[in-house]
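Heads up: the structure comes next, in structure tokens.
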Amino acid sequence: MTARASHWLAAALGIVVIALGGAVQAQDAWHTLTGPERKFTADMPAAPKYTATQMKTGSGSAYTMHQYLLEQGEAAFVVQSAIYPPDVDVSNPQANLQGGLNNAAKNMEGNKWASVDWVKHQGFAAVDAVGTRSGHEIRSYSVMKGRQIFTLTYAGPPGTARSANVNRFVASLKLPE
């Protein structure tokens, strides 16, 4: 290899290293969002768009669903939180979470989740489910804390629901005492 070729190769490798270093820094520069009244925090790859939607229970009581949405290429990261009104029976958190899973499964391929894992999150009932919909892999992680529900949802290319970034997203949910 000539000295000139070595110089160009070194310069090209330097650019690649700088580019990769920038990509690593960009991934490390996640955005921590804080929910209403500091009820939770969660990390997302970048700042999300916030919306608040008025919802109604089956008996007509109003409550607010807070949503944080980040679309990034073929992937979407969503955090939702709500405090259910008194007419919602939250005495069996697993039943509440199962109801949400059943409702979401109606839109999944085969009308079911591919995997459902019941877990605890900071001592509270939680569920971690993965399925497919319209060629995308979906991961839904929900936690019940009293009347509060927190759901982190990811949608992206097949095989990505348990990737490092999605695991980081799910693991980032913090519920202060």
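So that you can map any letter, position 49 of the sequence shown is 303 in this note's numbering, and since no number is skipped, the others follow by simple counting.
Backbone N, C-alpha and C fix where the C-beta goes; we use that ideal spot for every residue, glycine too.
Can you give me the Cβ contacts of residue i inside the same chain, cut-off strictly under 7 Å, excluding the 5 residues immediately before and after it?
i, result
"residue 431", "none"
Between residue i and residue j, what straight-line distance do the alpha-carbon atoms span, to the nearest angstrom?
i, j, result
"residue 347", "residue 403", "9 Å"
"residue 271", "residue 315", "Reliability fails at residue 271, whose pLDDT of 34 lies under 50, so the model's placement of it is uncertain and no value is given."
"residue 357", "residue 385", "13 Å"
"residue 363", "residue 397", "24 Å"
"residue 319", "residue 351", "16 Å"
"residue 336", "residue 295", "14 Å"
"residue 284", "residue 395", "19 Å"
"residue 292", "residue 365", "35 Å"
Given a cut-off of 7 Å, decide if residue j and residue i are closer than it, judged by their beta-carbon atoms.
i, j, result
"residue 408", "residue 393", "yes"
"residue 359", "residue 372", "no"
"residue 322", "residue 290", "no"
"residue 417", "residue 297", "no"
"residue 317", "residue 339", "yes"
Apply the 10 Å Cβ neighbour rule to residue i and answer buried if 16 or more other Cβ atoms are within range, or exposed otherwise.
i, result
"residue 374", "exposed"
"residue 415", "buried"
Since residue i sits in a beta bridge, which residues does DSSP pair it with?
i, result
"residue 373", "380"
"residue 295", "288, 428"
So, for residue i: in the same chain, excluding its five sequence neighbours on each side, which residues have a beta-carbon less than 8 Å away from its beta-carbon?
i, result
"residue 411", "328, 329, 390, 391"
"residue 400", "344"
Who are the Cβ neighbours of residue i in its own chain at under 6 Å, not counting the five residues just before and after it?
i, result
"residue 256", "With a pLDDT of only 37 at residue 256, under the threshold of 50, the placement of this residue in the model should not be trusted, and no figure is reported."
"residue 424", "395, 406"
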